[in-house]
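Okay, structure first, notes after.
There are 2 protein chains.
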Amino acid sequence: MRLTMMTDYAMRLLMYVAQHPDRLCTIAEVARVYDISEAHLMKVTHQLGLNGWIETVRGKGGGMRLAHPPDRINLGAVVRSMESDFQLTECFGSSNQCLLTGSCRLNGIVQDALQSFLRSFDAHTLADIVPPGSGGEVGRMRERTLTRVGKVRVA
Amino acid sequence: MRLTMMTDYAMRLLMYVAQHPDRLCTIAEVARVYDISEAHLMKVTHQLGLNGWIETVRGKGGGMRLAHPPDRINLGAVVRSMESDFQLTECFGSSNQCLLTGSCRLNGIVQDALQSFLRSFDAHTLADIVPPGSGGEVGRMRERTLTRVGKVRVA
Numbered sequence: 002m003r004l005t006m007m008t009d010y011a012m013r014l015l016m017y018v019a020q021h022p023d024r025l026c027t028i029a030e031v032a033r034v035y036d037i038s039e040a041h042l043m044k045v046t047h048q049l050g051l052n053g054w055i056e057t058v059r060g061k062g063g064g065m066r067l068a069h070p071p072d073r074i075n076l077g078a079v080v081r082s083m084e085s086d087f088q089l090t091e092c093f094g095s096s097n098q099c100l101l102t103g104s105c106r107l108n109g110i111v112q113d114a115l116q117s118f119l120r121s122f123d124a125h126t127l128a129d130i131v132p133p134g135s136g137g138e139v140g141r142m143r144e145r146t147l148t149r150v151g152k153v154r155v156a
Numbered sequence: 002m003r004l005t006m007m008t009d010y011a012m013r014l015l016m017y018v019a020q021h022p023d024r025l026c027t028i029a030e031v032a033r034v035y036d037i038s039e040a041h042l043m044k045v046t047h048q049l050g051l052n053g054w055i056e057t058v059r060g061k062g063g064g065m066r067l068a069h070p071p072d073r074i075n076l077g078a079v080v081r082s083m084e085s086d087f088q089l090t091e092c093f094g095s096s097n098q099c100l101l102t103g104s105c106r107l108n109g110i111v112q113d114a115l116q117s118f119l120r121s122f123d124a125h126t127l128a129d130i131v132p133p134g135s136g137g138e139v140g141r142m143r144e145r146t147l148t149r150v151g152k153v154r155v156a
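See the structure below:
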């Protein structure tokens with residue numbers, strides 16, 4: 002069982018942006034810091050913007066910032082908005098052809114389990130998962146790692 | 002978010018076999034009844050056997066049966082044994098390279114959510130999801146469907 006890459010990356014992007022409340026962050030720097038695909042992050046950023054979790058400023062010097070304070074961004078709401086579907090089994094989908102539909106009780110049990118899963122996230126906000134410390138903490142960790150493994154990167 | 006095909010098919014296979022306690026069931030008939038891949042079901046059956054949920058009898062007239070009564074087969078235990086991993090986000094995996102590891106609290110929150118999800122299944126056994134009615138109910142539904150849509154199949 003896995004969450005989609007969209008949700009995984011969305012959480013990490015929000016955590017990074019939350020650590021830099023004093024400035025706009027760019028997709029390029031988030032991709033560099035986490036060493037993940039810039040193309041994928043563009044999709045994630047677009048979706049986060051559509052869902053109202055971040056605001057983006059276009060043009061030179063542009064970037065993104067949180068649309069709400071971290072303690073107003075509920076993680077359950079973020080997960081629900083980023084997962085494309087919750088078709089845990091075939092009988093959840095619109096193309097369901099299982100012949101047991103209507104007579105078996107698996108669907109109800111899986112639905113209950115899914116709601117329990119999401120309620121766990123509902124109990125937390127972005128403020129609960131932002132690493133402690135000042136603004137550039139993640140960036141500094143990245144720099145230390147790059148120095149340690151001897152990589153050279155050009156932004 | 003999705004469960005793997007292994008878990009989805011395992012649940013359906015167990016439900017079918019539970020409906021026929023008086024005889025051995027074959028992979029071919031389960032594949033035909035649910036209209037799903039026989040090759041995939043072979044892998045599922047093998048795994049269910051390894052995990053001790055079913056017993057298989059080889060040779061002509063062979064097939065499979067439940068290794069325990071349906072009310073002794075816990076769904077939480079089945080899900081745990083069939084899912085290849087529960088790496089809901091990158092930081093769950095052995096190849097985790099996220100630089101926030103050790104300082105962020107997302108992993109703990111995702112772990113709690115996963116445990117809530119599994120506990121929901123722990124509260125149920127196979128007996129809870131077997132459709133009511135006598136033995137060949139699924140097979141009869143299949144026959145009715147095939148008749149209705151005008152398909153002709155050779156076993």
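Protein chains in written order, with the working numbering: chain A, 2 to 156; chain B, 2 to 156.
Glycine included, C-beta positions come from ideal geometry on N, C-alpha and C.
Here the structure is a predicted model, which is why all the values come from computation and not from measurement.
| Asked | Found |
| --- | --- |
| Output the boundary residues of the beta strand (DSSP E) element that contains T5(B). | It is not in any beta strand (DSSP E) - T5(B) carries neither H nor E in the DSSP assignment. |
| Given 8 Å as the limit, is there contact between the segment 5-19 of chain B and the segment 43-63 of chain B, that is, 3 or more CB pairs closer than that? | yes |
| Looking at the structure shown, is G64(B) part of a helix, part of a strand, or coil, going by DSSP? | strand |
| Please report the residue range of the beta strand (DSSP E) in which T57(B) lies. | 55-58 |
| Report all residues from its chain with a CB closer than 7 Å to the CB of V31(A); omit the five preceding and five following residues, and keep chain order. | L14, Y17, L42 |
| Counting beta carbon pairs with one atom in the segment 114-131 of chain B and one in the segment 59-71 of chain B, are three or more of them shorter than 8 Å? | yes |
| Does any C-beta atom of chain A lie closer than 7 Å to the C-beta of S117(B)? | yes |
| Can the beta-carbon of I55(B) be found less than 7 Å from the beta-carbon of M65(B)? | yes |
| With a 10 Å radius around its C-beta and 16 neighbouring C-beta atoms as the bar for buried, classify V79(B) as buried or exposed. | buried |
| Could you tell me the alpha carbon to alpha carbon distance between V58(A) and G77(A), rounded to whole angstroms? | 26 Å |
| Mark L49(A) as exposed unless 16 or more other C-beta atoms lie within 10 angstroms of its C-beta, in which case mark it buried. | buried |
| Considering Cα atoms alone, identify which of Q116(B), T27(B), L119(B) is closest to G60(B). | T27(B) |
| For L51(B), is the classification buried or exposed, using 16 other Cβ atoms within 10 angstroms of its Cβ as the cut-off for buried? | exposed |
| Of the residues P132(A), Y10(A), L107(A), which one's Cα is nearest the Cα of R33(A)? | Y10(A) |
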